[in-house]
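Report on one structure; see the data block that follows.
There are 2 protein chains.
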Amino acid sequence: MKIGILGSGLMGGKLGVLFAQAGHEVIFSYSRRQSKLDDLARRAGQTAASGTPAEAARADVILLAVHWSRLDDVLSQAGSLVGKTVVTCCVPLDETDSKLVVGHTDSGAEQIARKLPGAKVAAAFQSTPSEVFAEVFDARQHPGKASCVYCSDDADAGRAAAELLTTIGFSPVNAGPLAIARYIEPFALLTAQLAYGTEDGPDWAYRFGKFNTL
Amino acid sequence: MKIGILGSGLMGGKLGVLFAQAGHEVIFSYSRRQSKLDDLARRAGQTAASGTPAEAARADVILLAVHWSRLDDVLSQAGSLVGKTVVTCCVPLDETDSKLVVGHTDSGAEQIARKLPGAKVAAAFQSTPSEVFAEVFDARQHPGKASCVYCSDDADAGRAAAELLTTIGFSPVNAGPLAIARYIEPFALLTAQLAYGTEDGPDWAYRFGKFNTL
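Chains as they are written, first to last, in the numbering used here: chain A, 9 to 222; chain B, 9 to 222.
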């Protein structure tokens, strides 16, 4: 799979490197510093490169991984995403990264979907801290230890999200339609509180399922 | 511990029966039918009784477990709760039980705390389906399998919530101040979606913690 990463922060950077280590082609894009993108591509290995958001947007699947305040900027640089599959791990946070700016009757994921008419949008990865990705990836031959929820209104985008989650080593949990992001995004702030505000983190994770399978 | 249950639905009924089977004194209250309260007391055993909300409110800990639409009614019958420890498992749902009526900048738990000045309020139990309580209780000698988050602004109420969770067999997870209910209540709707809308339920549960402890 060819994966275009829009956003070079902790989420996009760590996930892109792991996708490439798993053998996918990865294009890193969108940083104030070209050197940052080049470093990521170097660390990720032979199947990775750096490029522009428009080049990343030509991939089979686009991972949207910017801070909420950069959303419109990166999407304007990416160009048309009609017909493209977009997996967003964005959380609609304020400038202090401590509060949601969207909630209750709407979600960041749904706002993204409205900004991208004709794109197939899924939400995934936001509910778990990036600090745990490396451990989950190292354990990926024994999947099932850590769950990660995703949601989508489009079956193709849902499948892409599930495949990316499985690539990292998560057990993907289909939470249903994109509107469920109204619960997943607050859940992401709960998990951030537990991962960063208690002694149980930051390599914090969760498992969901029937009680007798936990 | 003497536990007063305000509300005789699935949450209050099931938890009250298990608290009593664990040896606590339990008073069941608040039902349209006295026979329902008497049945619960009978099932719960020797340490349980039925009574009025005012009688239940004399307990050491009060479990608030009514539908959101009944909140003001049960609190008016309970009388003054100044100085009392109240653990709420309420979720601020609409009349169809499918949408939150409070969220984003407030939570049901905080609204309850504002209605009860001088009470010590914690939120617990709402994030997990009542269908799993019996299994968790049966496995309580081997704790740690299922987590349940709680939050509070008061240390005593937090301790009471943790003790009630431990009594059922959950690993209590302290999520911090009462305002974290703004994330826990949407999380409760996510868990309901997974418990009731997918094949993984309804005896569905979750585990939180460091990845290598899951």
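Virtual Cβ for every residue (Gly too), placed ideally from N, Cα, C.
query: Does DSSP put ARG215 of chain B in a helix, in a strand, or in coil?
result: strand
task: Taking ARG50 of chain B as the reference, give the member of B:ILE70, B:ALA28, B:GLY184 with the closest Cα.
output: Taking only the C-alpha atoms, the option nearest ARG50 of chain B is B:ALA28.
query: Taking just the CA atoms, how far does SER58 of chain A sit from GLN42 of chain A?
result: 8 Å
query: Using DSSP with H/G/I as helix, E/B as strand and the rest coil, what is SER160 of chain A?
result: It is a strand residue.
- prompt: Buried or exposed: ASP208 of chain B, going by 16 or more other Cβ atoms within 10 Å of its Cβ?
  reply: buried
- prompt: Mapping DSSP to helix, strand and coil, what is PHE36 of chain B?
  reply: Note: PHE36 of chain B maps to strand in three-state DSSP.
message: Between ALA52 of chain A and VAL25 of chain A, how many whole angstroms is the CB-CB distance? I'm expecting something under 8 Å.
response: 4 Å
- prompt: Under 8 Å Cβ-Cβ, which residues of chain B neighbour LYS22 of chain A?
  reply: Residues of chain B passing the Cβ test: none, with the nearest at roughly 14 Å.
- prompt: Going straight from the alpha carbon of PHE141 of chain B to that of GLY126 of chain A, what length do you get?
  reply: 44 Å
task: In angstroms with no decimal places, state the Cα-to-Cα distance between LEU14 of chain B and VAL99 of chain B.
output: 14 Å
message: Using only CA atoms, which one of A:THR175, A:PHE133, A:ALA170 lies nearest to ARG148 of chain A?
response: Checking every option, the nearest Cα to that of ARG148 of chain A belongs to A:THR175.
- prompt: Considering LYS128 of chain A, what are the terminal residues of the beta strand (DSSP E) in which it resides?
  reply: That run of the beta strand (DSSP E) goes 128 to 132.
task: Could you have a look at PRO100 of chain A and say whether DSSP puts it in helix, strand or coil?
output: coil
query: By DSSP, does THR60 of chain A sit in helix, in strand, or in coil?
result: coil
Nearest-angstrom Cα separation, counted from GLY205 of chain A out to GLY21 of chain A: 23 Å
- request: Starting from SER179 of chain A, trace the beta strand (DSSP E) both ways and give me its first and last residue.
  value: Here the beta strand (DSSP E) through SER179 of chain A covers 179 to 182.
- prompt: When DSSP builds the beta bridges, which residues end up paired with VAL95 of chain A?
  reply: A:LEU71, A:ALA130
task: Give a yes or no on whether 8 Å exceeds the smallest Cβ distance from TYR191 of chain A to chain B.
output: yes
message: Just to confirm, is the Cβ distance from PHE178 of chain B to VAL144 of chain B under 8 Å?
response: yes
message: Does the CB of ILE188 of chain B have a neighbour CB from chain A at under 8 Å?
response: yes
- prompt: For the putative contact between THR96 of chain B and ALA131 of chain B, defined by C-beta atoms under 8 Å, what is the C-beta separation to the nearest angstrom?
  reply: With a Cβ gap of about 5 Å, THR96 of chain B and ALA131 of chain B count as contacting.
query: Does ALA170 of chain A come within less than 8 Å of chain B when only Cβ atoms are used?
result: no
- prompt: Under a Cβ-count criterion, where at least 16 other Cβ atoms within 10 Å of its own Cβ denotes burial, should HIS150 of chain B be classed as buried or exposed?
  reply: It is exposed - the Cβ of HIS150 of chain B has fewer than 16 other Cβ atoms within 10 Å.
field: Closer than 8 Å to chain A by CB, PHE178 of chain B
entry: no
query: Which same chain residues, not among the five before or five after GLY12 of chain A, have their C-beta less than 6 Å away from its C-beta?
result: Here the set comprises ILE35, ALA64, ALA65, ALA67, ILE70.
query: For the region 125 to 155 of chain B, which residues have a CB atom closer than 7 Å to at least one CB atom of chain D, in sequence order?
result: Absent from the structure is chain D; the protein chains it does hold are A and B.
task: Thinking ILE192 of chain B and GLN134 of chain B are a contact (beta carbons under 8 Å), I'd like their distance in whole angstroms, please.
output: 7 Å
query: Is the beta carbon of ALA183 of chain A sitting closer than 8 Å to the one on TYR158 of chain A?
result: yes
message: Here's the rule: buried if 16 or more other CB atoms are within 10 angstroms of the residue's CB, otherwise exposed. What is PRO185 of chain A?
response: PRO185 of chain A is classed as exposed because its beta carbon has fewer than 16 other beta carbons within 10 Å across all chains shown.
Proximal residues of chain B, C-beta to C-beta of PRO100 of chain A below 9 Å: For PRO100 of chain A, none of the residues of chain B pass the 9 Å Cβ criterion, the least Cβ distance being about 11 Å.
task: Identify, in the order they occur along the chain, each residue of the same chain with its Cβ nearer than 6 Å to the Cβ of PRO137 of chain B, setting aside the five sequence neighbours on each side.
output: ALA203, PRO210, TRP212
- request: Output yes or no for whether 8 Å exceeds the beta carbon distance between SER16 of chain B and LYS44 of chain B.
  value: yes
query: What residues from the region 208 to 219 of chain B come within 8 Å of chain A, judged by C-beta to C-beta, listed N to C?
result: ASP208, GLY209, ASP211, TRP212, ALA213, TYR214, ARG215, PHE216, GLY217, LYS218, PHE219
- request: Starting from LEU14 of chain B, follow its DSSP beta bridges and name the residues at the other end.
  value: B:SER37, B:LEU72
- prompt: Is it right to say THR199 of chain B is buried, meaning 16 or more other beta carbons lie within 10 angstroms of its own, or is it exposed?
  reply: buried
task: Assign GLN54 of chain A to buried or exposed, taking buried as 16 or more other Cβ atoms, counted over all protein chains shown, within 10 Å of its Cβ.
output: exposed
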